[in-house]
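Every letter in the sequence shown is one number past the one before it in the working numbering, and letter 119, counting from 1, is 119.
Heads up, the beta-carbon is just placed ideally off N, CA and C, and yes, glycines get one too.
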Amino acid sequence: MAAALWGGVGVKRRKPKGVRRRAPPRVQTFGWRQEPGLILRSLTLLAGGLLAVSAAAQALNTERPAGLREAPSTWHAFTDARLVLAPGQAVERGTLLVRDGRIVAVGANVAVPAGARVWPLNGRSVYAGFIDLASPLGVPAAMREPPPAPVANPFDPASNRAPARPEGPAPVARSLSLRNPMVRPEQQVASQWEATPEAVAALRQLGFTAVLAAPGHGVLRGQGALVALRDGRDAKDAVLASAPSQHLGFDLLGWGRYPSSLMGATALLRQTLLDARWYGQQAAGRAAPNASLAALQPVLKGEQLVVAQARDEQDLSRWLALRDEFGLRQRFVLQGTGHEYRHLQALQKGQATVLVPLAFPEAPAVAGDAGAQAPLHELQHWEAAPSNAAWLAQAGVPVALTAAGLRRPERDFWPRVRQAVQRGWRADAALAALTTTPAALLNESARLGTLAPGKLAHAVVMSGDPFTDPEAEPVLSVVGEQVHLHAAWRQPDARGRWTLPDDSVLTVGGPRAKPTAQLGERACTLALDDAQWQLGCGDWQVVAQQSGERLTGTLRRGGEPLVDWQAKRSAPHTAKPAAVEAPPTPITDGRYPYGAYGIAPAPAETVLIRGATVWTQGPQGTLAAADVLVQDGRIAAVAPTLAAPSGAQVIEARGLHLTPGLVDAHSHIATARGVNEGSDSVTAEVRVADALDATDINLYRQLAGGVTTANLLHGSSNAIGGQSAVVKLRWGQPATGLLFSQAPPSNKFALGENVKQSNYGNGERYPQTRAGVEQLLRDAFAQAEDYAARRAADPSGTRRDLRLEALAELRAGTRHIHIHSYRADEILMFIRLAREKQLKVAAFQHVLEGYKVAPEIASLGAGASSFADWWGFKAETFDGVVGNPAMLVRAGVLTSVNSDDAELARRLNTEAAKSVRVGGLSPEEALALVTRNPARQLGVDRWIGSVEPGKHADLVLWSGPPLSAFSTVQSTWVDGRRLYDRRQDALLRLRDAKERERLLMRVAQATEAGDKKDKAAAPASALDALLARSRALARIAHADYHDGQAAHECTEEHLQ
């Protein structure tokens, strides 16, 4: 317990042994109604700015005292204050009365009891102590976010064998916990919390009196601790709540360790929550003890706050989906990235609460070629980031603030808050984000968040309004029974105009902590030590003490003797008004994604396409000079002559060609943070749909190539990989809007070199041979059969297993299979297994030796999706031939041609055309390879694949015959919405060029004005560091807004 400071400076009095000393009924009072400068200086010099008054703890002490005990009763009266009781509620010239760490009274007419220590505040503002819900303070090393790992390249075998990051300290007490190191919900920060006094004081200097010390790494990261920012070595005195929150994240272990992908992290989280739900339903003693699952019971019951950290803007919707799946809406907060303004509608609709960081990006470098290379979406974010909180508030989304992510919070926190207020965020809303909102989220409104009788004495005294006054700063903090004095209390404000005895004027200005002085036209030196001045002006040397508006001391001029000297402040310092920044105009047209080519959701059009050559790919064949009518997103009619309905847009298409939208049966675009869960050999539980990336520019680029539907497959590193996602290329929609809802479910399987890890891995994962792949498949299906039988016999008692559930669906034929394959012997092996198990094989993918076993594939009823002319890129592809697709077609196999490549998909039409020249297919048969046939393989031919009435209006208008290399796409419709148009594309380019020019001009102006202090500085925040790392990872595991460079082809040895 800190020393009592009422008989001397930090001296604890000795007491007779064996005698318990009670506090006297009257506590000695000090003459605090004088100016405090001189009196306090002697008291605080040794205390280092802390006035820690011993009193009862904020909670009942559980320790038995050793030796003598003290039981002083402490009264503190903070008088003549502006009391901000709650956001929007203030009392001018009131008193805050505190006793034993709790607020006794607060208001305008509060009587100060005899013996109370009086703190005259002279009109300063008192706020409830601020609360941060995402602080790393005191979090043990094993639970903190680790430093970024080196960017490994999965295409490099040596890189794959390296660990993702240096191993840090292991979490403690894991003997009864789940084995996966990313699942540790039983870990409690409170039991391991340890913070340095310097770190605690740094947060108090910002006005915080309590923080939620939050775990920073993992999927189920553990439980935070609500701690008071008080001094003392015993964590029990600081912890206000030992387990108020559970923290979640989409963190990865790195290649080869589960989870190594976003979809894997999502599956791990879902499975663990399902296990916890099952565990909570079991009778006592039926399930083995499991600390991890037991720790999740308060989460599932809504008794514990869940804080889910987003790593990018699209994680927001991913977390909301998980929240609703497990019924966690009651107590759930999203820890954002600062990009939340881009998803206002989803957050509003989802009734989300967001923990908003203030890590605004620095102005990007624009000199030379850097401006041309700066991504437009990053320039837009630089301008928009300070408006994030205001736009969230305008949308009715509750907001809490955090200093997390700031590289230098002591420098940047309050300027960023004020910048947000300047952008239109109400000051009382900003105050709520630091007080009442976090207190309510923690269920601590009865103790924290406002100034009210009975609440904990958590308060901060500010020299001005910190939300509008750039010179406002904390003066003192009250944390329970402790009163902490900041520099602004110990050092009175020296600034202003001082009149000297000879009527000359000394002007003191500049920053309060390091002011500058000028006597007339002469610059002076000024050093302050609390209230003591050391002033030098030419041959003048003054040492003086400031007391309020007066200075008294001595003057030595040259070699003359010391003489008494004094000055009086004749005018206070007047701060220059802060420059009011013009807020940017929010993008209100619903455009998405941000950056280049973003568009607003387009309405379904009523369109009559007149006079085109229509390649129906249906019973009508190819029609010359036909009309196609589109209404309500569907094809309404196809005929030689159609009348245009009222209000319909008529497109004169004579000389143009119209086809169904192209379908890519094998793609890896629009998948964020890993297309492979490259860890276990069987990962049937992971879902590509959990990692969809609607910002992938390849969606737009492929629309320009006529593609409207794609089958997004898991990679090929696993024998049984994850669940596929069939998507429409609905550019401008969020990720959830991409899914083709009618598509039947399917999984990606793989055979060959990738699965047995021929050129990568450490040799530890089974299987390592082709023979082992078959045995692994058989074992997986045996497990699935056993699981299905147990679930049928005891649905409620059998624990749900997402992996076995997907395998059981595959075994039952309700889930289809797309299988990566090259060699004929392996294809035959799987044909035999599929017949034995009655599996539904939608397509053999790649199938380069399919021509050798085409009759067997046809007899199975499986399809084949091949490259047009790729072969020889690795050992198992040496026998590939250019005529493979055509030979498969002639053998009666339902055949398609795919891309497996982001760039190649933009010319699927010419890939199909190769089978006309090489394989002798008719143009209609060749076009079917990328329209009707892949639609049938994906089970969606009822809706797409041909131009027939009633089908989805997925259409492409070409400048010439669709199989010609000289033809270009003029327009592409998806569901009757024109998402690409060649003329509109030119307008988008012009729009984006103007936007870039405007933003570069603004960045240049900000740089010239000094907003950018260091042009070559490191990223301004941890969030910016994450962004920089994301750029480096873009080639490997696509992050948001990547550049669209092709990656993840199945030709890359082991990935797909």
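From which residue to which residue does the alpha helix (DSSP H) around residue i run?
{"i": "D1085", "result": "Residue 1085 lies beyond the range of the chain shown here (1 to 1056); nothing can be said about it."}
{"i": "D275", "result": "L262 to Q281"}
{"i": "F830", "result": "A824 to K837"}
{"i": "G371", "result": "A370 to Q373"}
{"i": "I944", "result": "Per DSSP, I944 belongs to no alpha helix (DSSP H) and is neither H nor E."}
{"i": "E809", "result": "L802 to A812"}
When you compare each of the options to residue i by their alpha carbons, which one comes out closest?
{"i": "A81", "options": "R99, G732, A116 and L121", "result": "L121"}
{"i": "A864", "options": "S821, A400, G976 and D503", "result": "S821"}
{"i": "P619", "options": "A1006, E925 and H381", "result": "E925"}
{"i": "P744", "options": "W973, G813 and A719", "result": "G813"}
{"i": "G216", "options": "T209, G224 and A210", "result": "G224"}
{"i": "S967", "options": "A571, K455, A624 and T659", "result": "T659"}
{"i": "V663", "options": "T209, G655, Q733 and D941", "result": "D941"}
{"i": "T671", "options": "G232, L262, E198 and C524", "result": "L262"}
{"i": "N747", "options": "R977, Q631, W193 and E685", "result": "E685"}
{"i": "A617", "options": "Q187, R204, A986 and S946", "result": "Here the sequence assigns Gln to residue 617, which means Ala is not the residue at that position. For the residues Q187, R204, A986 and S946, the minimum Cα distance to Q617 belongs to S946."}
{"i": "K576", "options": "L506, S504, L358 and T468", "result": "T468"}
{"i": "S679", "options": "S646, L713, I720 and H668", "result": "I720"}
{"i": "A636", "options": "R144, G590, D954 and Y279", "result": "D954"}
Label residue i either buried or exposed according to how many other C-beta atoms from any shown protein chain fall within 10 Å of its C-beta, with 16 as the threshold for buried.
{"i": "V552", "result": "The question names Val, yet the displayed sequence has Thr at residue 552. With fewer than 16 other Cβ atoms within 10 Å, it is exposed."}
{"i": "Q742", "result": "exposed"}
{"i": "F130", "result": "buried"}
{"i": "F78", "result": "buried"}
{"i": "G396", "result": "exposed"}
{"i": "P171", "result": "buried"}
{"i": "K349", "result": "exposed"}
{"i": "P855", "result": "exposed"}
{"i": "G732", "result": "buried"}
{"i": "G218", "result": "buried"}
{"i": "T525", "result": "exposed"}
Ignore the nearest five residues each way along the sequence and tell me which others in residue i's own chain have a CB closer than 7 Å to its CB.
{"i": "W425", "result": "A389, A390 and A393"}
{"i": "A472", "result": "M462, S463, G464, D465 and P466"}
{"i": "A90", "result": "R82, L83 and V84"}
{"i": "D275", "result": "L293 and R799"}
{"i": "A195", "result": "L137 and G138"}
Using a Cβ-Cβ cutoff of less than 6 Å, which residues in the same chain neighbour residue i once the five nearest sequence positions on both sides are dropped?
{"i": "A346", "result": "S317"}
{"i": "A824", "result": "E849, K852 and V853"}
{"i": "R99", "result": "W75"}
{"i": "W489", "result": "V475 and L476"}
{"i": "L97", "result": "A77, V104, A105 and V110"}
Can you look up residue i in the DSSP assignment and give me helix, strand or coil?
{"i": "S292", "result": "helix"}
{"i": "I857", "result": "helix"}
{"i": "G49", "result": "Note that G49 scores a pLDDT of 36, beneath 50, so its modelled location is shaky and nothing firm can be said."}
{"i": "V542", "result": "strand"}
{"i": "L137", "result": "coil"}
{"i": "V1060", "result": "Outside the displayed span of the chain (1 to 1056) sits residue 1060, for which this structure offers no information."}
{"i": "T554", "result": "strand"}
{"i": "A1016", "result": "Per-residue confidence for A1016 stands at a pLDDT of 36, beneath the threshold of 50, marking its modelled position as unreliable; the derived number appears in the next sentence. A1016: coil per DSSP, three-state reduction."}
{"i": "D627", "result": "strand"}
{"i": "Y1041", "result": "coil"}
{"i": "R22", "result": "Annotation note: pLDDT 36 at R22 (below 50); position unreliable, coordinate value reported separately. If DSSP states are grouped into helix, strand and coil, R22 belongs with the strands."}
{"i": "Y594", "result": "coil"}
{"i": "F208", "result": "strand"}
{"i": "K748", "result": "strand"}
{"i": "M462", "result": "strand"}
Along the beta strand (DSSP E) that carries residue i, what are the first and last residues, could you check?
{"i": "W958", "result": "L955 to W958"}
{"i": "D428", "result": "D428 -> not in any beta strand (DSSP E); alpha helix (DSSP H) instead, spanning A427 to L434."}
{"i": "T516", "result": "T516 to L519"}
{"i": "K568", "result": "V563 to P572"}
For residue i, which residues from the same chain have a beta carbon less than 8 Å from its beta carbon, with the 5 sequence-adjacent residues on both sides left out?
{"i": "L555", "result": "W540, Q541, V542, L562, V563, D564 and W565"}
{"i": "R1057", "result": "Since the first and last residues shown for the chain are 1 and 1056, residue 1057 lies out of range."}
{"i": "A868", "result": "V882, P885, V897, E911, A912, K914 and S915"}
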